Amino acid sequence: MITGMDRLAALMSGATPDRVPIICNLLDQGAREMKVSLKEYYSRGDLVAEGQLRMREKYGYDTLLGMFYSGLEAELLGCSRIIYADDGPPNIGHLIINTPEHIRKLSLPDDLNDHPRFRELASCIGILKRESAGRWPVLGVATASFTLPAMLMGIGPWLELFLNGDPGLRDRLLETCSRFCSRQISALREAGADLIVYINPVASATFITLAKFRELALPWVIRDLVQSGPTGVIFFNGGGRINPILADLREHTGIGAYYLNPFDDISEARTILGPQALIAGAINDIRLIDWSPEEIDVEVGKIMNAGKQAGGFLFGTLLMPFRIPEQNIRAMMDAAIKHGSYHPEVM
Amino acid sequence: MTDRIKEQALDDYLKALFDTDKAAALRIVQQALDNGMSPESVIFEVVVPGMERMIGGMLSDNLVTLSQHFLASQIAEEVTDRLIPLFAVAPEVQGNVVIGTCHGDFHGLGKKIVIGCLRARMFRVTDLGINVAPERFVEAALSNHAKVIGISSMMVHTATGELGPKRVRQLLREQGLEEKVRIIVGGAPYRFHDSLYKEVGADAWADTAAEAPAVVARLMAEVLP
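Chains as they are written, first to last, in this note's numbering: chain A, 5 to 351; chain B, 913 to 1137.
Structural data, given as structure tokens:
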């Protein structure tokens, strides 16, 4: 059996795998799989691991996602209230930074494993790693220092601070967030993550101009990865377009894989990045809620054709909404396997 | 005050917005006033066109970023609030709007940008905040004599959930208000899915905050006096 790890290894060595590897980011759907509420699901790493394993088995994609929800990072830094929904990701209900003093007092746990929520996450990743037995890459997820403040103080105040606020305060916050990001990457790897998905939407071209990216965000991307190194890191768009910043990222960070936004052009990304970097192209997964199987087939086909021409390509989703019907997830997978094959004659 | 000076003020203002330089933008506003431009002229010939050209993406072919949207709207709101009391004649209010982020949703940025655009266009806006219950939208619309309810969502499940715009629509129907109050929605899920607004029971959506005043004005024109 050819595994997700085989496919990824083939891509990384410059070879062509049997088909395009598929990353399908299902999170909250695991609770449905386990027949528990989202709150109960995310309370235990073993439940999340089992949910992830079942969903990978059920749909046949190539990776295992070692993540709970974005707000967990805020919890590790002191957020005391997470608000659960029945049908979507938990929200942050308590912003820990409301005054400059809160930034000055923000402190990090020396060891993330001291925090019970991280221990659950690490336990989940450990189970995924063990059960995968080298077959399916386990993805750990870390929010970049330039994006993390949005979860600690709200995006409006963060924009205000980094655009027109006190530079000293901004840098102090970024310094703390960067140390956290760096520690988290190390801890996720220790827990068993094979690849790190580095999420940085606030640095994307959807949020800031290229000039501001170069001035304010790029130095912190470099800094976040100094300790851990860029190997095995995937730069994830997080919902923003990244083609306009790819050239700078490639030149200055050493990151070797880029996960595009559905609105980023795949062939343009390849031209910018050159032949070496891996590219993940993402489907607009909100549309999977109500596209017909035929429409899904067409859309996946377009992405796969562009990706196969570009080479070094993975097919992916963003974070799949809970409402996507199961048959549409299957339709996407069927289409991805069909259109992603490099050897259609043997199918 | 010559047209050339006004054009120069607008050009300089646009450049400051493009660079997301709030201090420069406010300085240009003050210079325009110091040079003898009336408060009305500063608002309607510099600040509002600057905001709309920036947010509407007409400034360049390049992607206009959220930080530019945010700043253009924020400055427009601040300057409008400061200068309206200085108008020779009180401006005509375009109508009342209540706006908030959907139940279960704690993201306030999009709503904030839209509010700035609406206020600069002389709408009276009541901000209901984030995580707003559907009943609250309807109560606030009635108590504020608002013809339009704006509902922002950042997440698919809050946009499409049973306590989101769908429930607001149901409440309007139950209370016989559908011909008196319209619903406009906005936020990330609608940008990824441009017919989603119909599914959630809204009358319209706006792709950018700059479009919101025109869409709201159209909705207001549709409803019963």
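Backbone N, C-alpha and C fix where the C-beta goes; we use that ideal spot for every residue, glycine too.
Here the structure is a predicted model, which means the values were calculated and not measured.
- Note on the segment 248–328 of chain A: whole beta strand (DSSP E) runs with a minimum of 3 residues are 261–263, 282–286, 317–320, in chain order.
- Scanning the segment 157–209 of chain A for uninterrupted alpha helix (DSSP H) segments of 4 residues or longer gives 159–168, 171–195, listed from N- to C-terminal end.
- At least 8 Å separates the beta-carbon of B/Leu1075 from that of B/His981.
- Contact annotation: in the segment 284–296 of chain A, residues whose CB is within less than 9 Å of a CB in chain B are Asn288, Asp289, Ile290, Arg291, Ile293, Asp294.
- It is roughly 37 Å from the alpha-carbon of A/Ala53 to the alpha-carbon of B/Lys1110.
- Interface criterion met: the Cβ of B/Ala1100 is under 8 Å from a Cβ in chain A.
- Between B/Val1010 and B/Asn1056, the C-beta gap is smaller than 8 Å, which places the two residues in contact.
- The DSSP-derived three-state label of A/Ile6 is coil.
- DSSP places A/Gly344 inside the alpha helix (DSSP H), whose first and last residues are 330–344.
- In terms of beta-carbon proximity, B/Ala935 lines the interface with chain A, with at least one pair separated by less than 8 Å.
- Residues of chain B with a Cβ closer than 9 Å to the Cβ of A/Lys216 are, in chain order, Asp931, Thr932, Thr977, Ser979.
- Scanning its chain for C-beta atoms nearer than 7 Å, with the 5 sequence neighbours on each side dropped, one finds around A/Ser127 the residues Gly49, Asp50, in chain order.
- Taking A/Gln188 as reference, the option from A/Leu116, A/Gly55, A/Glu37 with the minimal CA-CA separation is A/Leu116.
- Contact annotation: the segment 194–209 of chain A touches the segment 244–254 of chain A, with at least three C-beta pairs closer than 8 Å.
- With its beta carbon at least 8 Å from every one in chain B, A/Pro329 lies outside the interface.
- In terms of beta-carbon proximity, A/Gly160 lines the interface with chain B, with at least one pair separated by less than 8 Å.
- Leaving aside the five residues that flank A/Ala339 on each side, the residues in its chain whose CB is nearer than 6 Å to its CB run, in chain order, Ile300, Asp301, Val304.
- Residue pairing by DSSP places A/Arg23 opposite A/Ser345 in a beta bridge.
- In the structure shown, the three-state DSSP call for A/Trp140 is coil.
- Fully enclosed beta strand (DSSP E) runs of no fewer than 3 residues occupy 68–70 of the segment 27–77 of chain A, in order along the chain.
- In the displayed model, A/Gly130 falls within a helix according to three-state DSSP.
- The shortest C-alpha to C-alpha distance from B/Asp931 to any of A/Tyr262, A/Lys342, A/Gly138, A/Glu219 is the one to A/Glu219.
- At a cut-off of 8 Å, the C-beta of B/Gly1073 has a neighbouring C-beta in chain A.
- The beta-carbon of A/Ala207 is placed no less than 8 Å from the nearest beta-carbon of chain B.
- Put simply, the backbone Cα of A/Leu253 is about 27 Å away from that of B/Met966.
- One finds nothing in chain A with a Cβ atom closer than 8 Å to the Cβ of B/Val1026; even the nearest lies about 13 Å away.
- Not a single CB atom of chain A sits nearer than 8 Å to the CB of B/Gly1062.
- Residues of chain A with a Cβ closer than 9 Å to the Cβ of B/Met1067 are, in chain order, Ala89, Gly92, Pro93, Asn95, Pro325.
- Of all alpha-carbon atoms in B/Ala1116, B/Tyr1102, B/Asp1106, B/Gln920, the one lying nearest the alpha-carbon of B/Arg1081 is that of B/Ala1116.
- Within the segment 1066–1121 of chain B, the complete alpha helix (DSSP H) segments at least 4 residues long are 1068–1072, 1077–1086, 1100–1104, 1108–1111, listed from N- to C-terminus.
- Minimum Cα-Cα distance from A/Asp268 among the listed residues A/His256, A/Leu322, A/Gly236 corresponds to A/Leu322.
- For the set A/Asn29, A/Met59, A/Pro25, A/Ile27, the Cα lying nearest the Cα of A/Lys39 is the one of A/Met59.
- Considering only A/Leu110, A/Thr180, A/Phe211, the residue with the shortest C-alpha distance to A/Ile159 is A/Phe211.
- If you keep only unbroken alpha helix (DSSP H) runs of at least 4 residues inside the segment 997–1022 of chain B, you get nothing at all.
- The way I'd put it, the segment 228–237 of chain A does touch the segment 189–198 of chain A; three or more beta-carbon pairs between them come closer than 8 Å.
- Within 7 Å of the CB of A/Phe211, the CB atoms of chain B belong to Thr977, Leu978, Ser979, in sequence order along the chain.
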